[in-house]
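Asker: If you read the protein sequences in the order shown, they are chains A and B. Take the first sequence: its letter number 190 is residue 190 in this note's numbering, and every next letter is one higher. Add 395 to a position in the second sequence, counting from 1, and you land on the number used in this note's numbering. All residues carry an ideal CB built from backbone N, CA and C; glycine is no exception. Okay, handing you the structure first.
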Amino acid sequence: MTVTAAPGVRPTPAVPARAAQATARPRDLTAVVRGRRLIVCTGSGGVGKTTTAAALALGAARRGRRTVVLTIDPARRLAQSLGLRALDNSPRPVRGVEGLHAMQLDMKRTFDDVVERYAPDPARAARIRSNRFYEQLSSSLAGTQEYMAMEKLHGLHVAGEWDCIVVDTPPTRHALDFLDAPRRLTDFLEGRLLKVFLAPGLAAGKTLGRAVGLGTGLFMRAASRITGSQVLDDLGGFFQAFEGMYDGFKRRAQSVYGLLQEPGSAFVVIAGPEVPALREARFFLRRLQHEGMPTAGVVVNRTTPPPDPALAGLDRGAVAAAAARLDGGVAERTTAQLLRLHLDRVDVVAREQRTIAAALRGLDPPALVQVPLMDSDIHDLGGLAAVGRYLYQDG
Amino acid sequence: MESTRLWEPRVLIVTGKGGVGKSSVAAALALAAVRRGRGRPGRTCLVEIEGRQTFSRMFDTRPWDFTEREFRPGLFGMSIDPEASLSEYLDLFYGARRLSKLVVGSTMVDFATTAAPGLKDVLLVGKVKEMERRRDPDGRFHYDRIILDAPPTGRIVNFLRAPEATTELVNVGPVRQQAQTVVDMLLDGRRTHLQLVTLLEEMPIAETVDSVHALRSLGVTVGPVVVNRVMPARFDEEGAATLADGLGPTQVAGMVGRGGLALDPAAAAALRETGLRHLRRLALQERMRRELAARVDLPTLELPYVAGDDFGHRELSVLADAILRATDPGR
Ligand SMILES: Nc1ncnc2c1ncn2[C@@H]1O[C@H](COP(=O)(O)OP(=O)(O)OP(=O)(O)O)[C@@H](O)[C@H]1O
Ligand SMILES: [Mg+2]
Numbered sequence: 001m002t003v004t005a006a007p008g009v010r011p012t013p014a015v016p017a018r019a020a021q022a023t024a025r026p027r028d029l030t031a032v033v034r035g036r037r038l039i040v041c042t043g044s045g046g047v048g049k050t051t052t053a054a055a056l057a058l059g060a061a062r063r064g065r066r067t068v069v070l071t072i073d074p075a076r077r078l079a080q081s082l083g084l085r086a087l088d089n090s091p092r093p094v095r096g097v098e099g100l101h102a103m104q105l106d107m108k109r110t111f112d113d114v115v116e117r118y119a120p121d122p123a124r125a126a127r128i129r130s131n132r133f134y135e136q137l138s139s140s141l142a143g144t145q146e147y148m149a150m151e152k153l154h155g156l157h158v159a160g161e162w163d164c165i166v167v168d169t170p171p172t173r174h175a176l177d178f179l180d181a182p183r184r185l186t187d188f189l190e191g192r193l194l195k196v197f198l199a200p201g202l203a204a205g206k207t208l209g210r211a212v213g214l215g216t217g218l219f220m221r222a223a224s225r226i227t228g229s230q231v232l233d234d235l236g237g238f239f240q241a242f243e244g245m246y247d248g249f250k251r252r253a254q255s256v257y258g259l260l261q262e263p264g265s266a267f268v269v270i271a272g273p274e275v276p277a278l279r280e281a282r283f284f285l286r287r288l289q290h291e292g293m294p295t296a297g298v299v300v301n302r303t304t305p306p307p308d309p310a311l312a313g314l315d316r317g318a319v320a321a322a323a324a325r326l327d328g329g330v331a332e333r334t335t336a337q338l339l340r341l342h343l344d345r346v347d348v349v350a351r352e353q354r355t356i357a358a359a360l361r362g363l364d365p366p367a368l369v370q371v372p373l374m375d376s377d378i379h380d381l382g383g384l385a386a387v388g389r390y391l392y393q394d395g
Numbered sequence: 396m397e398s399t400r401l402w403e404p405r406v407l408i409v410t411g412k413g414g415v416g417k418s419s420v421a422a423a424l425a426l427a428a429v430r431r432g433r434g435r436p437g438r439t440c441l442v443e444i445e446g447r448q449t450f451s452r453m454f455d456t457r458p459w460d461f462t463e464r465e466f467r468p469g470l471f472g473m474s475i476d477p478e479a480s481l482s483e484y485l486d487l488f489y490g491a492r493r494l495s496k497l498v499v500g501s502t503m504v505d506f507a508t509t510a511a512p513g514l515k516d517v518l519l520v521g522k523v524k525e526m527e528r529r530r531d532p533d534g535r536f537h538y539d540r541i542i543l544d545a546p547p548t549g550r551i552v553n554f555l556r557a558p559e560a561t562t563e564l565v566n567v568g569p570v571r572q573q574a575q576t577v578v579d580m581l582l583d584g585r586r587t588h589l590q591l592v593t594l595l596e597e598m599p600i601a602e603t604v605d606s607v608h609a610l611r612s613l614g615v616t617v618g619p620v621v622v623n624r625v626m627p628a629r630f631d632e633e634g635a636a637t638l639a640d641g642l643g644p645t646q647v648a649g650m651v652g653r654g655g656l657a658l659d660p661a662a663a664a665a666l667r668e669t670g671l672r673h674l675r676r677l678a679l680q681e682r683m684r685r686e687l688a689a690r691v692d693l694p695t696l697e698l699p700y701v702a703g704d705d706f707g708h709r710e711l712s713v714l715a716d717a718i719l720r721a722t723d724p725g726r
């Protein structure tokens, strides 16, 4: 039985740091942390996006680049990863790493800031912020989080003080939502949906709120039966107050979209070794290709490390036979279990590698890195550095 | 074992951190519910709401939709979409009057659910509530058990709060009424449990602890915590102790030799290391188990890690058996 080394697999290093350095492959993310200005980590929920984002940011900072990692995860995982107690809506230096900053997106605050900054006058900003529909929109509507991530990204980018911005993406159902949601929100803000139904007799948004309140038209009458008229009044009031601000929203979303397409940007697609996560990664990789977005590579996180090369020459049948013969005392029993454990591990590794290869068939990402399941959880800089050793060469 | 409490309510809403195995556990719970009900004709329905076709893939059936279909004896499955749910509800509420005809249509649902974002969730859970209340002509409940594969913990609070928020926003009409009855169902611990799924790992546990608090402050009842993908110990206690000190690489090579296989010293050391790694992972798992017990005052139900190329009926059966062993020990 032999385990053929699959692409991206590194032998389990006995001394992780040095061994990894020695065996680092050209297909890792060293060039990405060294040179890219914007790194976006995407993937389906629970695959380790936040950890990977933080580890990449650490790698960039260790190369002397002024780096900020923007996390969007409500579970405060990055805070744990970086040993920070609380993250607010602006970058904070990470103690112990020169040049590394971390922040967590506060969706509502970002939206409030955007309204504050772009409303034509303070009275209008106040009107928007006190609208009940705005309250829902800014705190819960699907897509708002992705849009606000883009706003924040835009803000960090134009501030011009960062050599490298690493972005973690919201825990969406589909990795694709990160690309699609902002456009959906701007379409919505533009009021396209509303205009379709309100267009007749409605020239300007000014009369929109009143019209909704009055419930003109069959459609609106039906709608208010379902949602109640108060909801439609709130909605109308919101659009009225928002009039004239859509263009800015759209422009900024487009500008970020353009930024993402630049060669200085990099998408890192993260998955686990399971079928669903890898299937999602495949969809996303194809989508990136289609949109002309710069794909930097794939990280398969938490893979089972292959057995030590010293065991590679063992014949499967012989191992199984030996295990079957050993059933004497505790030492024999335990040894038999060791042999079975080894065989199981070989099976798991083979299965994972098959799954990975099948998911990436025909895609050939520029980098493919596998980060093995670690013996302990990752919650500090040491843990991030350990992950980093698989992602890039020491700086 | 207190995990017998699992079957108290008829509606189980399964949630957990992304990727921990919510859908797999929901499916296994459904299989277990059916097996448990054997001997008495009963029905269990497994419900999906995000249209991902997770279950049709797992059970290798035709795609699921708004029709409840029996795909295994006693086991039904359906996929709820807000639009179908709304039009069905309006038909019930208004009879087949013109309004409901007009209203049926995705644009209308899009519009209404955008205007009141929580509405979509009300419509989804509203359908579950209808199924829960449905009775057969003989007066018995149509379903013994309904298992909902719900959004992950990051979104579950908004999801469950939607009906309540809707009652605050909408003061009359069909939706208001629907929202109110949904709230009643969600807040009644005899009817509904939130079923958290977690792993013996730091992040999932942290998220579970947060969720238990958040869910309880909503007023819902949280059932026993399902701990998924638990790695079984491969060595008995004596064996683990022997491996940790008595059994060095030379002894391992000797033992393997007795089994008729020659191992060089490097291979023997590596083989031993495989075992030690397993023990380290078990120790970590045990630490996490204690942490969970210390921070969450709920019974737990552990499900083993099941290896397999694709997660399908066989793997789910193993999980269902484990569930039944824990909840119905006397069986
Ligand atoms: N007990 C188990 N043993 C081994 N593998 C498991 C187990 N439970 C789930 N899995 C695997 O974990 C992966 C994720 O499972 P599943 O789709 O059920 O998670 P989920 O929580 O529903 O994910 P999502 O958040 O994407 O909805 C699947 O590949 C599944 O096969
Ligand atoms: Mg799922």
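Should R221 (chain A) be labelled buried (16 or more other beta-carbon atoms within 10 Å of its own) or exposed?
Answerer: Counting from 1 along the first sequence, the entry for residue 221 (chain A) is found at position 221. So R221 (chain A) counts as exposed.
Asker: With 8 Å set as the bound, which would you pick, yes or no: does the beta-carbon of I226 (chain A) sit closer than that to a beta-carbon of chain B?
Answerer: Here residue 226 (chain A) refers to the residue found at position 226 when the first sequence is read from its first residue. Interface residue, yes.
Asker: Under 7 Å from any heavy atom of ligand 2, does the C-beta of K152 (chain A) make it?
Answerer: For the purposes of this step, residue 152 (chain A) is taken as residue 152 along the first sequence, with counting starting at 1. No, Cβ of K152 (chain A) sits at least 7 Å from all heavy atoms of ligand 2.
Asker: According to DSSP, is R430 (chain B) part of a helix, a strand, or is it coil?
Answerer: Looking up residue 430 (chain B) in the second sequence gives position 35. Here R430 (chain B) sits in helix by DSSP.
Asker: Any heavy atom of ligand 4 closer than 7 Å to the beta-carbon of S418 (chain B)?
Answerer: This structure lacks ligand 4; the ligands present are ligand 1 and ligand 2.
Asker: By a C-beta neighbour count over all protein chains shown, 10 Å radius and 16 as the cutoff for buried, is V166 (chain A) buried or exposed?
Answerer: As a first step, residue 166 (chain A) is located in the first sequence; it is residue number 166 there, counting from the start. Result: buried.
Asker: Should the segment 130-138 of chain A be regarded as contacting the segment 37-45 of chain A, the criterion being three or more beta carbon pairs within less than 8 Å?
Answerer: No, they do not touch.
Asker: Report buried or exposed for D705 (chain B), applying the criterion of at least 16 other Cβ atoms within 10 angstroms of its Cβ.
Answerer: Mapped onto the second sequence, residue 705 (chain B) falls at position 310. D705 (chain B) comes out exposed.
Asker: Between D544 (chain B) and E443 (chain B), which are expected to be in contact by the criterion C-beta below 8 Å, what is the C-beta distance as a whole number of angstroms?
Answerer: Numbered from 1 along the second sequence, position 149 holds the residue referred to as residue 544 (chain B). Numbered from 1 along the second sequence, position 48 holds the residue referred to as residue 443 (chain B). Right, the Cβ-Cβ distance comes to about 5 Å (below 8 Å), so this counts as a contact.
Asker: At least one CB of chain B closer than 8 Å to the CB of Q240 (chain A): is that the case?
Answerer: For this step, residue 240 (chain A) is matched to residue 240 along the first sequence. For Q240 (chain A), the answer is no, since every Cβ of chain B falls outside 8 Å of its Cβ.
Asker: Give a yes or no on whether the C-beta atoms belonging to G521 (chain B) and A560 (chain B) are separated by under 8 Å.
Answerer: Looking up residue 521 (chain B) in the second sequence gives position 126. Looking up residue 560 (chain B) in the second sequence gives position 165. The answer is no: Cβ separation not under 8 Å.
Asker: Any idea if T603 (chain B) is buried or exposed, counting beta-carbon neighbours within 10 angstroms, 16 or more meaning buried?
Answerer: Taking the first residue of the second sequence as position 1, residue 603 (chain B) is located at position 208. Classification of T603 (chain B): buried, given that the 10 Å Cβ count is 16 or more.
Asker: The alpha helix (DSSP H) spanning F249 (chain A) covers which residue range?
Answerer: Taking the first sequence and counting its residues from 1, one reaches residue 249 (chain A) at position 249. F249 (chain A) -> alpha helix (DSSP H) spans 246-261.
Asker: What in chain A is Cβ-close to H673 (chain B), meaning under 8 Å?
Answerer: Position 278 of the second sequence holds residue 673 (chain B). By Cβ distance, chain A contributes L341.
Asker: For ligand 1, any of its heavy atoms closer than 7 Å to the Cβ of F284 (chain A)?
Answerer: Walking along the first sequence from the start, residue 284 (chain A) turns up at place 284. Because no heavy atom of ligand 1 lies under 7 Å away, the Cβ of F284 (chain A) does not count as near it: no.
Asker: Closest Cβ-Cβ distance between L338 (chain A) and chain B: below 8 Å?
Answerer: The residue labelled residue 338 (chain A) in the question sits at position 338 within the first sequence. True, the Cβ-Cβ gap to chain B drops below 8 Å.
Asker: Please compile the residues from chain B whose C-beta is within a distance smaller than 8 Å of the C-beta of A310 (chain A).
Answerer: Your numbering for residue 310 (chain A) matches position 310 in the first sequence. The answer, in chain order, is D659, A661, A662, A664, A665.
Asker: On the CB-based measure, 16 or more other CB atoms within 10 Å of its CB, does P558 (chain B) come out buried or exposed?
Answerer: On the second sequence, position 163 is the one that residue 558 (chain B) refers to. Answer is buried; the Cβ neighbour count reaches 16.
Asker: Could you pull out every residue in the same chain whose Cβ sits closer than 8 Å to the Cβ of T439 (chain B), ignoring the five residues on either side in sequence?
Answerer: Within the second sequence, residue 439 (chain B) is the residue found at index 44, counting from 1. So the qualifying residues of the chain are A425, A428, V429, G432, G469, L470, F471, Y538, D539, R540, I541, I542.
Asker: Would you verify that the beta carbon of N566 (chain B) is, or is not, closer than 8 Å to some beta carbon of chain D?
Answerer: Although the question refers to chain D, the structure presented lacks it and instead comprises the protein chains A and B.
Asker: Given that a residue counts as buried once 16 or more other Cβ atoms are within 10 Å of its Cβ, and exposed if not, what is V415 (chain B)?
Answerer: To locate residue 415 (chain B), count along the second sequence from 1; it is residue 20. By the 10 Å Cβ count, V415 (chain B) comes out buried.
Asker: Which term fits G237 (chain A), buried or exposed, when burial requires 16 or more other beta carbons within 10 angstroms of its beta carbon?
Answerer: For the purposes of this step, residue 237 (chain A) is identified with residue 237 of the first sequence, where counting begins at 1. So G237 (chain A) counts as buried.
Asker: Compute every distance between the C-beta of S44 (chain A) and the non-hydrogen atoms of ligand 1, then say whether any falls below 7 Å.
Answerer: The residue you call residue 44 (chain A) lines up with position 44 of the first sequence. Yes, ligand 1 has a heavy atom inside 7 Å of this Cβ.
Asker: DSSP has R540 (chain B) in a bridge; who is on the other side?
Answerer: Locating residue 540 (chain B) in the second sequence gives position 145, counting from the first residue. Per DSSP, B:T439.
Asker: Let's test the definition: count the other Cβ atoms within 10 Å of the Cβ of Y700 (chain B) and tell me whether it reaches 16, buried, or not, exposed.
Answerer: Within the second sequence, residue 700 (chain B) is the residue found at index 305, counting from 1. Answer is exposed; the Cβ neighbour count stays below 16.
Asker: DSSP state of T637 (chain B), grouped into three classes?
Answerer: Counting from 1 along the second sequence, the entry for residue 637 (chain B) is found at position 242. Here T637 (chain B) sits in helix by DSSP.
Asker: Mark V567 (chain B) as exposed unless 16 or more other C-beta atoms lie within 10 angstroms of its C-beta, in which case mark it buried.
Answerer: On the second sequence, residue 567 (chain B) is found 172 positions in, with the first residue counted as 1. Exposed is the call here.
Asker: Any beta carbon from chain B within less than 8 Å of P306 (chain A)'s own beta carbon?
Answerer: Residue mapping note: residue 306 (chain A) aligns to position 306 of the first sequence, counting from 1. False, the Cβ-Cβ gap to chain B never drops below 8 Å.
Asker: Ordered along the chain, which non-local residues of its own chain (more than five positions away) have a Cβ less than 7 Å from that of V47 (chain A)?
Answerer: Numbered from 1 along the first sequence, position 47 holds the residue referred to as residue 47 (chain A). Here the set comprises I270, A271, G272, A277, N301.
Asker: For a cutoff of 8 Å on Cβ pairs, would you count Q104 (chain A) as touching chain B?
Answerer: Reading the first sequence from its first residue, position 104 is the one you call residue 104 (chain A). Chain B, which has no Cβ nearer than 8 Å to the Cβ of Q104 (chain A), makes this no.
Asker: Checking contacts by CB at 8 Å: is G382 (chain A) closer than that to chain B?
Answerer: Position 382 of the first sequence, counted from the start, is the residue given in the question as residue 382 (chain A). With 8 Å as the cut-off, G382 (chain A) does not count as an interface residue toward chain B.
Asker: Looking only at its chain, what residues have a beta carbon closer than 8 Å to the beta carbon of E397 (chain B), apart from the 5 residues adjacent to it on each side?
Answerer: Here residue 397 (chain B) corresponds to residue number 2 of the second sequence, with the count starting at 1. These residues qualify, in order along the chain: P619, P694.
Asker: Using a Cβ-Cβ cutoff of less than 7 Å, which residues in the same chain neighbour S124 (chain A) once the five nearest sequence positions on both sides are dropped?
Answerer: Translated into positions along the first sequence, residue 124 (chain A) becomes position 124. Position check: residue 124 (chain A) holds Arg in this sequence, whereas Ser was assumed. Taken in chain order, the residues that qualify are A241.
Asker: How about V578 (chain B) and R571 (chain B): do their beta carbons lie closer than 8 Å?
Answerer: For the purposes of this step, residue 578 (chain B) is identified with residue 183 of the second sequence, where counting begins at 1. For the purposes of this step, residue 571 (chain B) is identified with residue 176 of the second sequence, where counting begins at 1. For V578 (chain B) and R571 (chain B), no; Cβs fall outside 8 Å.
Asker: Hey, is D544 (chain B) close to ligand 2, as in C-beta under 7 Å from one of its heavy atoms?
Answerer: Your numbering for residue 544 (chain B) matches position 149 in the second sequence. D544 (chain B) Cβ: within cutoff of ligand 2.
Asker: Which partner residues does P93 (chain A) have in the DSSP bridge list?
Answerer: Taking the first sequence and counting its residues from 1, the one referred to as residue 93 (chain A) is at position 93. Paired residues: A:H101.
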